[in-house]
Amino acid sequence: MDPAERNLSHRRPLLAAICALGACAWLGACAPHDGDAPALGNPEAGALVISRKACGSCHTIPGITGADGQVGPSLAGLGERHIIAGTLPNSRPNLEYYLLHPQEVVKGNYMPDQGLTARQARDAAAYLLELR
Ligand code: HEC
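Take the sequence shown: its letters are residues 66 to 197, numbered as in the numbering used here.
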């Protein structure tokens with residue numbers, strides 16, 4: 066085996082590992098990082114999403130520092146609300162859907178699409194549904 070070839074074959078497992086990690090990050094769907102109940106979302110992660118996306122510039126949101134906006138409705142007690150955005154029955158899937166597509170649900174309303182990923186919407190919904 067010439068030295069160059071030996072070198073390459075030596076590195077192959079490392080390369081494979083790097084590719085696997087890359088694919089994993091790209092898919093964003095590695096089971097071990099998904100927590101115990103991925104379908105239900107993670108409220109703590111949701112609080113971070115809500116802070117980072119500055120939802121509080123428009124909404125008053127209990128438990129989120131600086132979230133005292135007055136553009137949209139207060140989200141206090143959202144978990145006990147029957148209807149969201151004046152049109153959808155309040156449920157986990159409906160709330161997630163609304164967070165992903167507010168302009169599709171109520172065209173022309175003042176809540177812009179926030180560019181959330183499905184994961185971010187799930188986590189944000191988990192946080193909001195705990196507000197009682
Ligand atoms: C530019 C202002 C603005 C931003 C930013 C914004 N919203 Fe809204 N949001 C609104 C307005 C206005 C409404 C009311 C829309 C309607 O009723 O049609 C609303 C409605 C909602 C509702 C339904 C509330 C209810 O009482 O039925 C939820 C939940 C919500 N927003 C969550 C969020 C989250 C989470 C974020 C951040 C990812 C966010 N919003 C960012 C303006 C905003």
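Built from N, CA and C at the ideal position, the CB exists for glycine as well.
A direct Cα-to-Cα measurement between H147 and R197 gives close to 12 angstroms. Distance from the CA atom of A189 to the CA atom of L113, rounded to whole angstroms, is 8 angstroms. Annotation for G128: no alpha helix (DSSP H) segment contains it, and DSSP assigns it neither H nor E. Within the model, the alpha-carbon separation for P158 versus Q185 is close to 13 angstroms.
Under the DSSP definition of a beta bridge, P154 partners with I148. L193 and G144 have their C-alpha atoms spaced approximately 6 angstroms apart. No heavy atom of ligand 1 is found nearer than 6 angstroms to the CB of Y162. Ranked by Cα distance from P138, the options Y175, L181, T182 and E109 are led by Y175. With a cutoff of 6 angstroms, K172 does not count as near ligand 1, since its C-beta is closer than that to no heavy atom of the ligand.
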